[in-house]
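If you read the sequence shown in this note's numbering, its first letter stands for residue 127, the second for the next number, and so on. Where a beta carbon is used, it is the ideal one built from N, C-alpha and C, also for glycine. Fair warning: this is a prediction, and the values are worked out from it, not measured in the lab. Structure first, commentary second.
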Amino acid sequence: MGTYADEPRIHKIQVRLTEAEMDELRGRMKEADYLSVSKYVRDAVFRRRMPVRRREAWSGGGLAAAVEGMTGQIRRIGVNYNQVVARYGRSLGMTRKDGSPVISDKVTIFYMEKLAAYTRRLVSALEDMEKEIEQYNNSNKNSITDMQTAEIIGNVVADCETRTGRNGEYVTFTVAVNEIRGEERTTTYYDVRYVKNGLRDFIRKGTKVFVRGSLSISTNIRDGKTFVNVNIGAREIELLSSPARAE
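Structure, rendered in structure tokens:
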């Protein structure tokens, strides 16, 4: 069966999945839909309000890399399970009328245990992150993380707006940055502020921009729910391409 020596190391493994989540996983295991199993586990983790507060997590490092690595292990467990089924099930004559193999309970239990172990690690990783976020929330209900430099390239979601703050006028707009990780495509939205409002005639919906500035992530609690906002105080903006004007 092999060992999984390359498993990501996540400490303080204490958390278990709920019974409802385990029931859902058992059902998907029976259907041998391992891509679905992997996606379900990932979604189960991120459902637990995972606000990512460090830039490396957005770019695939840190906690996000650990989550990605463990979901990869789950996919490999599924592939290995299928190989066992194909190799031993049919050779032993354990097949149904339609030719599909009959799997022994021992084989199923072995892979369920493997799956459960990695799933617990995923949930535990999230719990560690939630504890850090909770510390911020306890000290300040509308908390803001330390600023750090960020560089992004993406498309402007809507025409920029001009607003007035304590230090005068500034422009603000939202940039969508697409990321592809394996088979999944995600989009992160950054709220950008820039004090030089001369750009307001050039930054329109669909404009592709490069932005460098100070990154901050704020968490706000409304109606018992936690919302995460990713903000950039821009120091440099470069227009990479403009949308075609309607004739």
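In whole angstroms, what separates the C-alpha of V356 from that of S368? As a working mapping, residue 356 is identified with position 230 in the sequence shown. As a working mapping, residue 368 is identified with position 242 in the sequence shown. Answer to the nearest angstrom: the Cα atoms are 24 Å apart.
Would the stretch 305–315 count as touching the stretch 325–340 if we require 3 or more Cβ pairs under 8 Å? no
Tell me which residue opens and which closes the beta strand (DSSP E) that E309 is part of. On the sequence shown, residue 309 is found 183 positions in, with the first residue counted as 1. Note, E309: premise wrong, no beta strand (DSSP E); not H, not E.
Write down the C-beta distance between S340 and T290 rounded to the nearest angstrom, noting that I regard them as a contact closer than 8 Å. Numbered from its first residue, the sequence shown carries residue 340 at position 214. Numbered from its first residue, the sequence shown carries residue 290 at position 164. Going by Cβ atoms, the distance from S340 to T290 rounds to 20 Å, so no, they are not a contact pair.
Check whether T300 and V321 have beta carbons under 8 Å apart: As a working note, residue 300 is residue 174 in the sequence shown. As a working note, residue 321 is residue 195 in the sequence shown. It is not a contact, given that the beta carbons lie outside the stated cut-off.
Alpha carbon to alpha carbon, how far is E309 from F328? Give it in angstroms, no decimals. Looking up residue 328 in the sequence shown gives position 202. Looking up residue 309 in the sequence shown gives position 183. Near 35 Å, if we compare the C-alpha coordinates of E309 and F328.
From the DSSP secondary-structure annotation, give me the bridge partner or partners of D317. The sequence position of residue 317 within the sequence shown is 191, counting from 1. D317 pairs with T300 and N357.
Which word fits A360, buried or exposed, when buried means at least 16 other C-beta atoms lie within 10 angstroms of its C-beta? Residue numbering aside, residue 360 sits at position 234 when the sequence shown is read from its first letter. Burial call: buried.
Buried or exposed: I306, going by 16 or more other Cβ atoms within 10 Å of its Cβ? Taking the first residue of the sequence shown as position 1, residue 306 is located at position 180. Flag for I306 reads exposed.
Indicate the three-state DSSP secondary structure (helix, strand or coil) for R292 in the structure shown. Here residue 292 corresponds to residue number 166 of the sequence shown, with the count starting at 1. R292: coil per DSSP, three-state reduction.
Kindly indicate which residue of G332, V318, E277 and E362 has the alpha-carbon position closest to the one of T288. The residue given as residue 288 occupies position 162 in the sequence shown. Answer by Cα proximity: V318.
If you draw a straight line from the alpha carbon of L365 to that of N304, how long is it in whole angstroms? The count along the sequence shown starts at 1 and reaches residue 365 at position 239. The count along the sequence shown starts at 1 and reaches residue 304 at position 178. Roughly 17 Å between the two C-alpha positions.
Rounded to whole angstroms, what is the Cα-Cα separation between E362 and L325? Locating residue 362 in the sequence shown gives position 236, where the first residue counts as 1. Locating residue 325 in the sequence shown gives position 199, where the first residue counts as 1. Answer to the nearest angstrom: the Cα atoms are 12 Å apart.
Bridge partners of L365, per DSSP? Mapped onto the sequence shown, residue 365 falls at position 239. BP columns for L365 point to V335.
Given that a residue counts as buried once 16 or more other Cβ atoms are within 10 Å of its Cβ, and exposed if not, what is I279? Your numbering for residue 279 matches position 153 in the sequence shown. I279 is exposed by the Cβ-count criterion.
Closer than 7 Å: is that where the CB of E305 sits relative to any heavy atom of the ligand ZN? In the structure shown, the ligand ZN is absent, as is every other ligand, since no ligand is present at all.
From the DSSP secondary-structure annotation, give me the bridge partner or partners of V282. Position 156 of the sequence shown holds residue 282. According to DSSP, which records beta bridges pairwise, V282 is partnered with V301.
Cβ-based neighbour list, K331, same chain, cut-off 8 Å, excluding 5 preceding and 5 following: Sequence index remark: in the sequence shown, residue 331 carries index 205 (1-based). Taken in chain order, the residues that qualify are V282, V283, A284, D285 and P369.
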